[in-house]
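The structure appears right after this line, and notes come after that.
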Amino acid sequence: GRVGVTGVRSGTALGAIDARAGWALVLHAPARGHQARGINAILVRGVPAGARRLGLIRTPRSIPARGLSGQDMDRDGIVNAFDVDDDGDLQLDNVDASVRGAARRGSSARSMPTPRERQVRIFSNLKLALEDSLNANAGSSAMSRSAVNDALTSAQTLAISVVPGDEVELDCGGLTYCSSGGTGTALEASSSGGTSFPDDFDSDGDGMGTITAGPTGDFQLLTGATFDRLDAGDTFIERVTAGSRTLAAPGMLAYAFTSTPAVTAWSDDAGASTTSVSYPVDASTPGTTSNPAEVEAGSDGHVVLTFTLWRPQRPRIAPVEARWVDIGGLGYSVDVPNAPGGTGSGPGICAGSSLSESDPSLVAAGDQLRDRAPDRAASASHTITFTVDMTDCLGTTSWDVGETLSFDLQARTRDGDNAAQKLTFVRTA
751 GRVGVTGVRS GTALGAIDAR AGWALVLHAP ARGHQARGIN AILVRGVPAG
801 ARRLGLIRTP RSIPARGLSG QDMDRDGIVN AFDVDDDGDL QLDNVDASVR
851 GAARRGSSAR SMPTPRERQV RIFSNLKLAL EDSLNANAGS SAMSRSAVND
901 ALTSAQTLAI SVVPGDEVEL DCGGLTYCSS GGTGTALEAS SSGGTSFPDD
951 FDSDGDGMGT ITAGPTGDFQ LLTGATFDRL DAGDTFIERV TAGSRTLAAP
1001 GMLAYAFTST PAVTAWSDDA GASTTSVSYP VDASTPGTTS NPAEVEAGSD
1051 GHVVLTFTLW RPQRPRIAPV EARWVDIGGL GYSVDVPNAP GGTGSGPGIC
1101 AGSSLSESDP SLVAAGDQLR DRAPDRAASA SHTITFTVDM TDCLGTTSWD
1151 VGETLSFDLQ ARTRDGDNAA QKLTFVRTA
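Residue numbering for the sequence shown follows my numbering, starting at 751 and increasing by one per position.
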């Protein structure tokens, strides 16, 4: 396509704007002195190439950039703050190691945060027990609108990075899950003891809740939102007061998990036959909280489990995508929050040394196995397989015969997105 000028200098008044379907046109070009001539974008039939698809488009090349919010690395007409694919390689930024780093979390306040600290990052989290699991590859009945809404309203959370400052308020516009009278609930109570967001966090009554970084280094929000109320492209503004100055830091939700990883089969190293899992799952299925699956240790005394699973999904972003998309590029890990028997703390995320695989789609990367597959239309044929030595993972904590152990199979990004399926096992030998 041809090139159109999109860059303007800070503080430029744009004047009248004509809002179109998925993009907008400035009716009168700013004076030449206000234009940033070195910043331009590709137009297709007079429309920014990345419009109507949140910037998820392959572009010929990206320009050298520092990955800051106001830049347009891939020249698609969508600035980085609102572009889900900054460098135009068709890989979502959240899983793309080649683009911008995460905004700093929990930084101390100063006179004014740096440009990189002004990046607002929003991450999606969804954790479900086996009996509540969703996955599009299990068939339409497993992803009915009612099942999806039940899961999302009860378990979907957002992790929102907090720009450093003396006070930060979250402006959600009309998003029903974080505006006054909506469905949002903070995971950490306000100073008044309430958790309704923003209402219990809005001391000045301006409709915006004050947010602070919690123990995880960000602000955690249980959305309570149904499928049609939360989606990729939802935008936020953090209104930051730092000393006597204020600034507005924008951010956007790149995508939200609509399902979790879903185990299709598992086996132990003691020679037991492979156990298949059919969806939807009910409470009597082995591996659920009320009916732990039985496992045995091998001849070396180690409990070693092999899992085959489907990837989690997101809804389509670009018009050409399928309704449900298997998310590629995620890191798969095992998280054990509690010790066997439920007494005491577990080791957390298993060390990478306890994981192994022979799956060509997976490669070891620290404490996880990184998926090399791209995003693609959901398909039951898209499975991955890996093995975890639970005895190695637990370290000095023993898993004795008769004890149950629950853990999460996680699919996560480098910075904060996390979808997980909770499984429960009992050791019988």
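A virtual CB, placed ideally from N, CA and C, is assigned to each residue, including glycine.
Just so it is clear, the structure is predicted and the values come from calculations on it, not from any experiment.
Status (buried if at least 16 other CB within 10 Å, exposed otherwise) for residue i
i	result
R1064	buried
A1179	exposed
T1174	buried
S1095	exposed
V898	buried
R782	exposed
T996	exposed
A799	buried
V1045	buried
D1050	exposed
D836	buried
S1009	buried
D1032	exposed
D1019	buried
Proximity below 8 Å, CB of residue i to CB of residue j
i	j	result
A847	P1011	no
A888	D968	no
L1105	V1138	yes
W1060	N885	yes
G1102	D1117	yes
I1067	V834	yes
R808	G838	yes
L876	F1057	no
Q906	A975	yes
D950	S930	no
G915	V1013	no
D1158	T1135	no
L980	Y927	yes
R1162	S1083	yes
A892	K1172	no
Inter-residue spacing [alpha-carbon to alpha-carbon] between residue i and residue j
i	j	result
T1035	D822	49 Å
T1154	L902	28 Å
G1091	D1085	16 Å
S1026	G983	37 Å
G1145	D1121	26 Å
T1141	A998	49 Å
S857	G964	Note that S857 scores 44 on pLDDT, short of 50, meaning its location in the model is unreliable; the coordinates nonetheless yield the value given after this. Using only the alpha carbons, I get a separation of about 12 Å.
A786	P1030	55 Å
G934	S874	14 Å
L937	L972	7 Å
V1113	Q841	18 Å
G757	N790	6 Å
N1041	D882	14 Å
A1130	G993	54 Å
Y1005	S896	20 Å
T1038	G944	33 Å
D824	G1048	52 Å
G805	F832	8 Å
A1043	A939	37 Å
S1023	L1055	12 Å
T966	G932	24 Å
T1147	S1017	22 Å
D900	R770	35 Å
P1062	G1078	9 Å
S894	T864	45 Å
E1107	T1133	13 Å
Beta-carbon separation (whole angstroms), residue i vs residue j, contact threshold 8 Å
i	j	result
I792	G827	7 Å
A1072	A1127	4 Å
C1143	P1097	6 Å
G1001	R871	6 Å
D1076	N844	In fact, because the Cβ distance is near 15 Å, the residues do not count as touching under 8 Å.
T922	F986	The identity of residue 922 in the sequence shown is Cys, whereas the question assumes Thr. The pair is a contact, with the Cβ atoms about 6 Å apart (cut-off 8 Å).
Contacts around residue i, its chain only, beta-carbon distance under 6 Å, and the 5 residues preceding and following it disregarded
i	result
G761	none
I961	V912, V918, L920, F969
R854	With a pLDDT of only 41 at R854, under 50, the local geometry of the prediction cannot be trusted, and the value read off the model is given with reservation. If we look at R854 and ignore the five residues flanking it on each side, its Cβ neighbours are E867.
R860	With a pLDDT of 49 at R860, under the threshold of 50, the modelled position of that residue is not reliable, and no figure is offered here.
G959	L920, F947, P948, F951, D952
D957	One detail in the question is off: residue 957 reads as Gly in this sequence, not Asp. Answer for G957: S930, listed in chain order.
G851	Bear in mind that a pLDDT of 46 at G851, under 50, signals an unreliable position, so the model cannot answer this.
R795	none
A1123	G1078, S1111
Cut-off 8 Å between Cβ atoms - residues of its own chain near residue i, not counting five sequence neighbours on either side
i	result
H778	G765, A766
A763	P780
W1149	V1053, P1090, M1140, T1141, L1155, R1177
A1015	T1024, T1025, S1026, V1027, F1057, T1058
Sequence-distant residues of its chain with Cβ nearer than 7 Å to residue i (five each side left out)
i	result
R759	H784, A786
L925	D984
D768	A774, L775, L777
V797	W773
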